[in-house]
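The opening residue of the sequence shown carries number 10 in this note's numbering; numbering runs sequentially from there.
All C-beta atoms, glycine included, are put in the ideal place defined by N, C-alpha and C.
Reading through the C-alpha cells given below for one structure.
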Amino acid sequence: MKSALVLKCPMCNAVHTLKGQRNEYSKQDLYAQAKTHLRNHDLNETKAAIRKNEIVYDATEIVISSEMYQQLPIKAWMEPDDAWLPDDVMSENEGSQSEFESSVEISFH
Ligand SMILES: [Zn+2]
C-alpha cells in the first residue's frame, strides 16, 4: 500500500495527486501545486488566493495499492474525466479536514 495526497480544483474538478503523505508537504508546497493549475483559470489575485486556499484545505490523503497507485494523476493536473481516483476519495475527505486545518494554522509563517 502507498500513500498519496489528492488535490482537487473547486472550479473545474481537475485533480492532481502528490506522492507520499500530507505531513511530507508544507503549506507552501501545496500552494505552489495549486497555483500551477489556477493559472489556467485567469483569476484576479484575490480570487486566485481564495481558490488556492480551498484546494489546500481540501487536500485529501489516500492509501491505495501499488497497482492502483500507478493510475493516479501524479505528474500533472488532469481533467476529472481523464483522471483515475478511488471511489472513496470524496467520502474520506470530510473526516480529515479539520485536522489538516489546524496543522496548516501552526505551520503558517
Ligand atoms: Zn480548475
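{"Asked": "Chain-order list of residues whose beta-carbon lies under 6 Å from that of Trp-86 (same chain, five-residue window excluded)", "Found": "Ala-23, His-25, His-46"}
{"Asked": "DSSP three-state assignment for Ala-41, whether helix, strand or coil", "Found": "helix"}
{"Asked": "Any non-hydrogen atom of ligand 1 closer than 7 Å to Ala-23 Cβ", "Found": "yes"}
{"Asked": "Three-state secondary structure assigned by DSSP to Ile-83", "Found": "coil"}
{"Asked": "8 Å contact criterion, which Ala-43 and Ile-64 should meet: CB distance rounded", "Found": "4 Å"}
{"Asked": "Where Ser-75 sits in the DSSP three-state scheme", "Found": "helix"}
{"Asked": "Near ligand 1: Met-20 beta-carbon under 7 Å from a heavy atom", "Found": "yes"}
{"Asked": "heavy atom of ligand 1 below 7 Å from Asn-62 C-beta", "Found": "no"}
{"Asked": "Segment limits, beta strand (DSSP E) that includes Ala-13", "Found": "11-17"}
{"Asked": "Assigned secondary structure, Glu-88 (DSSP; H/G/I helix, E/B strand, else coil)", "Found": "coil"}
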